[in-house]
Each structure stands twice: as C-alpha cells, then as structure tokens.
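Notes for the one structure printed next.
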Amino acid sequence: MTEHEQTGLADDASAETATEGGTNDNRQPDRGTPIRAETVDAALDALHGEGMAGYSYAYLDEHTKREVRRATLKAIAIPGHQVPYASRPMPLARGWGTGGIQVSLSVLGPDDTFKVIDQGTDGSVNAANIRRLAEETANVSTTTDTTEADVIQTRHRIPEEVLCDDQLLVLQVPVTDPLRKVDPSDAANRKRHAHRNYGKMWVHLYENVVEWGEINIGASYPTMVAGRYLMSPSPIPRWDTPKLDDADHLSIFAAGREARIYAVPPNTRVKPLAFEDRQFTVERFPDRACHLCGSEDTFLVELSETRDGSDGRFETCYVCNDTSFCEKRHSDPDRPKDHHLDREGVDWGPGTPDVPRTTADDAASERGESG
Amino acid sequence: MRPLGFDPVADTRRTFRALLRVMSRPGTVERVPRPADRAVIATLVDHEITVSTDDERLAETLADQGRLASAPPREADVVHVLAHDRFDVRECKRGTLVEPATGATVVYRVEDVRAEPGGEASPALTTARLCGPGVDGETTLSVSVSPEALRALGEVQSSYPRGVDAIFAAPDRLGAIPRSTTLELASNTTTPEAI
Chain A
-2 MTEHEQTGLA DDASAETATE GGTNDNRQPD RGTPIRAETV DAALDALHGE GMAGYSYAYL
58 DEHTKREVRR ATLKAIAIPG HQVPYASRPM PLARGWGTGG IQVSLSVLGP DDTFKVIDQG
118 TDGSVNAANI RRLAEETANV STTTDTTEAD VIQTRHRIPE EVLCDDQLLV LQVPVTDPLR
178 KVDPSDAANR KRHAHRNYGK MWVHLYENVV EWGEINIGAS YPTMVAGRYL MSPSPIPRWD
238 TPKLDDADHL SIFAAGREAR IYAVPPNTRV KPLAFEDRQF TVERFPDRAC HLCGSEDTFL
298 VELSETRDGS DGRFETCYVC NDTSFCEKRH SDPDRPKDHH LDREGVDWGP GTPDVPRTTA
358 DDAASERGES G
Chain B
133 MRPLGFDPVA DTRRTFRALL RVMSRPGTVE RVPRPADRAV IATLVDHEIT VSTDDERLAE
193 TLADQGRLAS APPREADVVH VLAHDRFDVR ECKRGTLVEP ATGATVVYRV EDVRAEPGGE
253 ASPALTTARL CGPGVDGETT LSVSVSPEAL RALGEVQSSY PRGVDAIFAA PDRLGAIPRS
313 TTLELASNTT TPEAI
C-alpha cells in the first residue's frame, strides 16, 4: 500500500460522506481503509515502507522533544515535584499512555532496546502498539526481557527483575497528585506541596486505620520523596513501591492528560507514609503460588476461569503478574530476581514487614526501644 | 543547528541522554558532541523559554531559526555563562515555592570538568563534595571555576526547592549539580602538603 493509494481511499471516503450526508442520520460509519491481505502480519507488513516517510525521527517533532526534555531535567533536579509541561496530542487517546510515550520517544535513540509493559504483560494491545510505534519511528530494537532493555515504559507495574544503573523506567500516570483524593483543588494542593503541608493526608491515613485497622490504600500509595515532596508512585501495587527507594535506576513519571512530569533519581530516599504503630505493608499472598511457574515471591494476580474437567464452573487460580519473568521461572524455577547482576542478595521489592502490627503492646515496645 | 555543526536530531538526543545521566547522578561526567555548551543550548533552548548568552554565533543561529527569546541573566530561564568573573549566580531566577521548576538552568562554559577530585596535577580545578538524591553516599565533582563561584552556587541551593540547576560544559563533556544536591567545597584542592 503506498501513500498515494491511502490518500486516494481517504478522498473516496470523504466524497462518499459528502454526497450521502444530507442529514446526519444517513451518515455511514467510517469503515477505515481496507487492506487486502491474508493474515494480520501480512497486513502490517503492507503498511511498512513509504508510509513512514515524512514522519519525524521518533514521531515527535523537535519542538515537542525540547519541551518534554526540559521538563524531564527539571523533574530530576527536584525529585518528586510535578513539573508542568505542554503535553501534545498523540496518536491515541489521552489516558492511554500519552505522557509515557512522549517521554520515551524523546529519550529513545537507534542504539536503545525498548520494552513496554501494561500491568506486567508485554502482550497487551496497548503495550504492543506503543512498542510498535517506537520500533517504526525511532528505529529501536524491542524486547520483552527486562534485563535486556535500556528503556522500559510501564503501566502500573515495576518489573520483578532488579533494574540496573543503566536502565530507565518510564511510568504512565493517570492521577499525578496524591493529595487529590483528600482535596480536589489543584491550586490548594500545589500550595500544600510548596509548604510541605501534608496534614490532610495524615488525617486521611488515620481515618483509614480507624475504619479498617490498617491503611488499606491499594495502588498509588502516597510516598515521601527525599524527605521533601509527597508523590504518587503511579498506580503500582504497594508491592512495587519499596523498589523505588534507593534504586539503581532512574524513574520518570509522565502524565499526558494532566501534563505533568516528575521523577525519582537513583539513590533517592522514597518512603511510603505510615504510622509508628501502623506500618506500611505490601500485599500478602499466604499459601499461594503461581500456578504456571510456582513462584511464591512475586506479585500474583487472581484469575477466575473455566478449565478442562471443571464442568464449566469457574475456578480461581493465581498467576505471576510479570509475564516475562514468569516465563523465565517456568524453565528455571530457582532463578533469583537478581540473576543478571554481579552482586547477590540485592534487596528488591518487598523488603518490608509483611505482617501488620496490630497490638498496642507491639507498638509500645517499638517506641520503648527507639526512645 | 547545522550551522554550528550539530545534527539537529541525533546530536541533541545524544546530548539529552548525557544530561539525563549527569543530572540524575551528580558527580558523573559524560561525553557529548563538541562544543558541549553549545550542544546543551541547542538541545534545550527555543522561543518558549528565555535565554541569556554572550555567544554571538550561537544567538545568531538561534535567531535564524526563530528560536531566540533573549533576556538578561537575572530573568532568563537558561543562562549561558562565558565570563565567569562578571557573573554572580545569586542573581539568577530561583523559581517560587509553588513553581520551583521556573528556576534557571545555568550552563557554565568551563575548561575542564572531572568526576575525580582535583589535586596537584590539576591546580585549576575546584573540587566540591556532593551528596543528596542521585548520589550513593558522597561523591566529588571537580570543575575549573573559582571556589567563590561554587560557594555562591551552594548558597543558592540552600533555598531548596527554590534554586538553579548548574551544568558544567567542558569542550567535550558535561557534569552537573542539580539543586537537590548539597555541595560543600572540599577542604582545599591544592593543599600545601600536596605542593
């Protein structure tokens, strides 16, 4: 399919609408551009070639890249602070990773290897499309292996395998401000950030404890960065939040819809908010293991599906959320999360107590020891 | 940026990657296309922000592309420093508490910048001890600027999160001290014992 043919078809389609369209009711739905091909792969191959000519390298124009790059550098210089930037329309709807795409594409170069995950999987439609956009326009190689990637764009997970010094993690963020759930006013919240006034969030956490006995925030756990800014680590599970603390890699958080970028540099203190007697806890999967690879030390998700012999009844099972690492564990069940590093015993992921302190005695003895 | 010898896409991307690295890991030094200070300006500056520079060739090239919005050093978003003795970083914009990111980015054109401490071999270097986000414990950065210049920078950073982000551009490499970094002059780079 050449560019010329595409244009021709587009013209036909608009002519059709113009002649038919006396009233809105008669308008035919746009059926898209037909491609004659046997398979989906053949159809995608047909789109290669001249079609990409005329696009800027890495899709974004240089003016956009400069805007994103300036904001990214400021975000790194002020860890946890949300830097506003001029977010551009992307070839998918805002809220589907447009911020992440803008950061990834302004970073990527031809020597890079790019990985995209969506809730831990490389295979989702959104992840596959973002990966293909970068592959086509920025000429990068792509991978699903965490250890091989230079840049990893992710939605709502941090990979199970330890990230290294030379890797960059780009997280997609839907809601940038952790204070929004306690006060919808952005102006008021920016003032609170300016003065490090997070009292309202503490009250919210306290109310949580009163109601539930522990802090029951699922994802986007409010987190202090370098002792200065309260940050939403994006909707990663609590399980992943400790991975940001004193990490080896640089994390950049980007929100296209809200037009904000923020960052956590390597070797930066990142502390989830918690009380002395109600500690931060990660998700717990007691007596569960991945039913594909048998892992017990990974973040598991619940699946409910019918299987052979279950007579159409739904059965619940647990699987690793990180599919790429699950595959590796499948062939080598003992593979540690830091198998690719020189060092051993790297503290990655839940290094925090996984049992909540519930008794007042415990809390009292804790205070006694520290005091 | 072709008149300055840069590829507008590939070279600015390379420079940005170096900037990402030196900003997120203060104390590291990265190679970039020559001359480094012009590469940094070419990567970051356009008409959306203001710039102050005495480099006429650079200003002309930016103006030719419609990318130049000049401002005096105390108002500019990006300050390009050539004459160090006439420059006081304390006069630069530091942003506000609500919008600290509006603080200036200061690009110093320097002879030399190194990760290791200076010593008898390089008496022109002033060494700063750095700690803060991006630094594992403590590290050093040695730059060929006067101790007063680094002391002034330290003073500016003390109003964190208001402050400036300093980039030191030697001809072919970069180092940086972002505002989140606490810096202290190393006791003396050229101690009497060393001499």
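Chain order of the listed sequences is A and B. Counting from 1, position 191 in the first sequence corresponds to residue 188 in the working numbering; the numbering is continuous, with no gaps. Counting from 1, position 136 in the second sequence corresponds to residue 268 in the working numbering; the numbering is continuous, with no gaps. Glycine included, C-beta positions come from ideal geometry on N, C-alpha and C. Small disclaimer: the values here were computed from a predicted structure and weren't measured.
Separation of alanine 286 of chain A from phenylalanine 148 of chain B, as counted between CA atoms: 43 Å
Where aspartate 139 of chain B falls, given that 16 or more other Cβ within 10 Å makes a residue buried: exposed
4 or more residues per run - each alpha helix (DSSP H) lying fully within the stretch 221 to 268 of chain B: Whole alpha helix (DSSP H) segments, 4+ residues: zero.
Any 3 or more C-beta pairs closer than 8 Å across the stretch 300 to 320 of chain B and the stretch 284 to 291 of chain B: yes
Within-8 Å CB hit, valine 159 of chain A to chain B: Not closer than 8 Å to any Cβ of chain B, the Cβ of valine 159 of chain A fails to qualify, so no.
Continuous alpha helix (DSSP H) stretch holding phenylalanine 322 of chain A: start and end: 320 to 328
Partner residues on chain B for proline 86 of chain A, Cβ-Cβ distance less than 7 Å: Residues of chain B passing the Cβ test: none, with the nearest at roughly 17 Å.
C-beta contact flag for alanine 72 of chain A and tyrosine 315 of chain A at 8 Å: no
Closer than 9 Å at the beta carbon, the chain A residues around valine 141 of chain B: Ser53, Tyr54, Ala55, Glu59 and Lys62
Whole-angstrom distance between arginine 187 of chain A and arginine 128 of chain A, CA atom to CA atom: 34 Å
Chain-ordered neighbours of proline 293 of chain B on chain A, where CB pairs are closer than 7 Å: Ile75, His78 and Arg225
Exposed unless 16 or more other CB atoms sit within 10 angstroms - verdict on valine 207 of chain A: Its Cβ having fewer than 16 others within 10 Å, valine 207 of chain A is exposed.
Contact with chain A by arginine 157 of chain B, beta-carbon distance below 8 Å: yes
Residues from the stretch 243 to 272 of chain B in contact with chain A, defined by Cβ distance under 9 Å: Gly264, Pro265, Gly266, Val267, Asp268 and Gly269
Where the alpha helix (DSSP H) through aspartate 297 of chain B begins and ends: First-last for aspartate 297 of chain B: 297 to 302, but that is the beta strand (DSSP E), not the alpha helix (DSSP H).
Chain B contacts made by the stretch 251 to 265 of chain A, where a contact means CB separation under 7 Å: Pro262, Pro263, Asn264 and Thr265
Any chain B beta carbon closer than 8 Å to lysine 188 of chain A: yes
Three-state secondary structure (DSSP) of valine 37 of chain A: Valine 37 of chain A falls in the helix class under three-state DSSP.
The stretch 175 to 194 of chain B / the stretch 48 to 68 of chain A touching (three or more Cβ pairs under 8 Å): yes
Distance between beta carbons of valine 296 of chain B and tyrosine 240 of chain B, contact taken as under 8 Å: The pair is not a contact, with the Cβ atoms about 11 Å apart (cut-off 8 Å).
The stretch 173 to 185 of chain A in contact with the stretch 223 to 234 of chain A per 3-pair CB rule at 8 Å: Taking 8 Å as the limit for Cβ pairs, the verdict is that the stretch 223 to 234 of chain A does touch the stretch 173 to 185 of chain A.
Residue-chain proximity (glycine 106 of chain A, chain B), Cβ-Cβ < 8 Å: Using beta-carbon distances, glycine 106 of chain A counts as an interface residue toward chain B, with a partner under 8 Å.
Residue from A/Val279, A/Asp38, A/Phe311 and A/Gly96 whose Cα sits closest to the Cα of glycine 215 of chain A: A/Val279
Buried or exposed by the 16-neighbour rule on C-beta atoms within 10 Å, applied to glutamate 312 of chain A: exposed
Expected contact under 8 Å - CB spacing of serine 101 of chain A and valine 167 of chain A to nearest Å: Distance from serine 101 of chain A to valine 167 of chain A at the Cβ level is roughly 5 Å; contact confirmed, criterion being Cβ atoms closer than 8 Å.
CB contact check: arginine 241 of chain B to chain A, cutoff 8 Å: No, arginine 241 of chain B does not count as interfacial toward chain A.
Arginine 170 of chain B versus B/Pro158, B/Ala208, B/Thr160 and B/Thr185, residue with shortest Cα-Cα distance: B/Thr185
Below-8 Å beta-carbon distance, phenylalanine 148 of chain B vs any chain A residue: yes
According to DSSP, residues forming a beta bridge with lysine 268 of chain A: Bridge partners of lysine 268 of chain A: A/Met221.
Close Cβ partners of threonine 139 of chain A (< 6 Å) along its chain, the five nearest in sequence each way excluded: Excluding positions up to five away in sequence, the list reads Phe111, Arg128 and Glu132.
Alpha-carbon spacing of alanine 208 of chain B relative to alanine 39 of chain A, whole angstroms: 53 Å
Separation of histidine 212 of chain B from glutamate 243 of chain B, as counted between CA atoms: 15 Å
Proximal residues to serine 84 of chain A (C-beta, below 6 Å), its chain only, five neighbours per side dropped: Gly253 and Ala256
Cα-Cα separation between arginine 326 of chain A and glutamate 302 of chain A, rounded to whole angstroms: 22 Å
Close-in-space but distant-in-sequence residues of the same chain around proline 265 of chain B (CB under 7 Å, 5 per side omitted): Result list for proline 265 of chain B: Ser312, in chain order.
Close-in-space but distant-in-sequence residues of the same chain around alanine 302 of chain B (CB under 7 Å, 5 per side omitted): Ala168, Val242, Glu243, Asp244 and Val245
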